[in-house]
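Colleague: Position one of the sequence shown corresponds to residue 152 (our numbering), numbered consecutively onward. Think of the CB as a built atom: it goes at the ideal place given N, C-alpha and C, for glycine as much as any other residue. Note that the coordinates shown come from a computational prediction; the quantities given were computed from them, not determined experimentally. Once you've had a glance at the structure underneath, I'll fire off some questions.
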Amino acid sequence: MDKKLEEKFKKYCFEADINISKEQIDMFSIYMDFLIDYDKHTNLTSIVDPEEIVIKHFLDSIIINKFIKIDNVQNVIDIGTGAGFPGIPIKICFPKINLTLVDSLNKRIIFLKELCKKLELKVDALHSRAEDLAKNPLYREKFDLVLSRAVAPLNVLSEYCVPYVKKGGFFVSYKGMNVKEELLKCDNCFKILNSKICDIKNFNLPEIGDVRNLIIVEKINSCNAKYPRPTPKIIKKPL
Numbered sequence: 152m153d154k155k156l157e158e159k160f161k162k163y164c165f166e167a168d169i170n171i172s173k174e175q176i177d178m179f180s181i182y183m184d185f186l187i188d189y190d191k192h193t194n195l196t197s198i199v200d201p202e203e204i205v206i207k208h209f210l211d212s213i214i215i216n217k218f219i220k221i222d223n224v225q226n227v228i229d230i231g232t233g234a235g236f237p238g239i240p241i242k243i244c245f246p247k248i249n250l251t252l253v254d255s256l257n258k259r260i261i262f263l264k265e266l267c268k269k270l271e272l273k274v275d276a277l278h279s280r281a282e283d284l285a286k287n288p289l290y291r292e293k294f295d296l297v298l299s300r301a302v303a304p305l306n307v308l309s310e311y312c313v314p315y316v317k318k319g320g321f322f323v324s325y326k327g328m329n330v331k332e333e334l335l336k337c338d339n340c341f342k343i344l345n346s347k348i349c350d351i352k353n354f355n356l357p358e359i360g361d362v363r364n365l366i367i368v369e370k371i372n373s374c375n376a377k378y379p380r381p382t383p384k385i386i387k388k389p390l
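What follows is the structure in structure tokens.
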């Protein structure tokens, strides 16, 4: 990360209420360089320009701290993490959290394990389908905060993610601009999963102007053990 981009990123972090250290900036630089290099032989992201990585991946991941103070969170899981977003940037900024990363593609988990070695981060990176791992009592309803930037309708994504949230915890879905139609289809979903949308936060990513939304869902009580259903049933008949 060159000096100009580093200064921009420090400013972005300050605006997200994060006081970032030189050591943490260096970790983000290692992350960016490793991602760009690794993506040359293993497709992980369509975003490989350094400035776009800083804004669309790093900042987009950590901006959640403006709305949910990560210092107050202990156990975090990132479902469908891909190349580690939003989980790894949050872990770099808040190293005290216990972070679990889940993805159904093993090539991504291999990348993440190598990345965490480079960054000397203690992270659990698991190769699993979300609906399978949610049945495991070691992970079901064990997390204060469940995150996902996965591309799926909110009522589908919620069935995968809400079962991981402990009572009183939160699921946060990172979404783009057009969420109104998705939200209209979610009332029944959240009733079934004993949860509710407690807030929707929107913001613009700087310079590129992309509108982003964080859908914040609170877990009110345990949900039925049959959820999440197998993927074919979820897709065929969303909640």
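DSSP state of Ile230, grouped into three classes?
Modeller: Note: Ile230 maps to strand in three-state DSSP.
Colleague: Let me confirm a value: Cys340 is counted as buried when at least 16 other C-beta atoms fall within 10 Å, else exposed. Which label applies?
Modeller: It counts as buried.
Colleague: Looking at the structure shown, is Ala281 part of a helix, part of a strand, or coil, going by DSSP?
Modeller: Helix.
Colleague: Under 8 Å, with one C-beta from each stretch per pair, do the stretch 268 to 286 and the stretch 242 to 252 reach the 3-pair mark?
Modeller: Because the criterion of three Cβ pairs below 8 Å is met, the stretch 268 to 286 and the stretch 242 to 252 touch.
Colleague: Excluding the five sequence neighbours on either side, which residues of its own chain have a C-beta within less than 7 Å of the C-beta of Val199, listed in chain order?
Modeller: Contacts found: Ile187, Asp190.
Colleague: Just tell me which of Ile371, Lys317, Pro383, Ile386 has its CA closest to the CA of Val224.
Modeller: Among Ile371, Lys317, Pro383, Ile386, the Cα nearest to that of Val224 belongs to Lys317.
Colleague: Under three-state DSSP, which class holds Tyr325?
Modeller: In this structure, Tyr325 counts as strand in the three-state DSSP scheme.
Colleague: Taking the straight line between their C-alpha atoms, what separation do you get for Glu157 and Met183?
Modeller: Distance between the alpha carbons of Glu157 and Met183: 12 Å.
Colleague: Out of curiosity, what's the CA-to-CA distance linking Lys347 and Val313?
Modeller: Each residue's Cα considered, the two are about 10 Å apart.
Colleague: What are the complete beta strand (DSSP E) segments, minimum 3 residues, inside the stretch 191 to 264?
Modeller: The stretch 191 to 264 contains these whole beta strand (DSSP E) runs: 226 to 230, 249 to 254.
Colleague: Out of curiosity, what's the CA-to-CA distance linking Glu202 and Asn375?
Modeller: Taking the straight line joining both Cα atoms gives about 44 Å.
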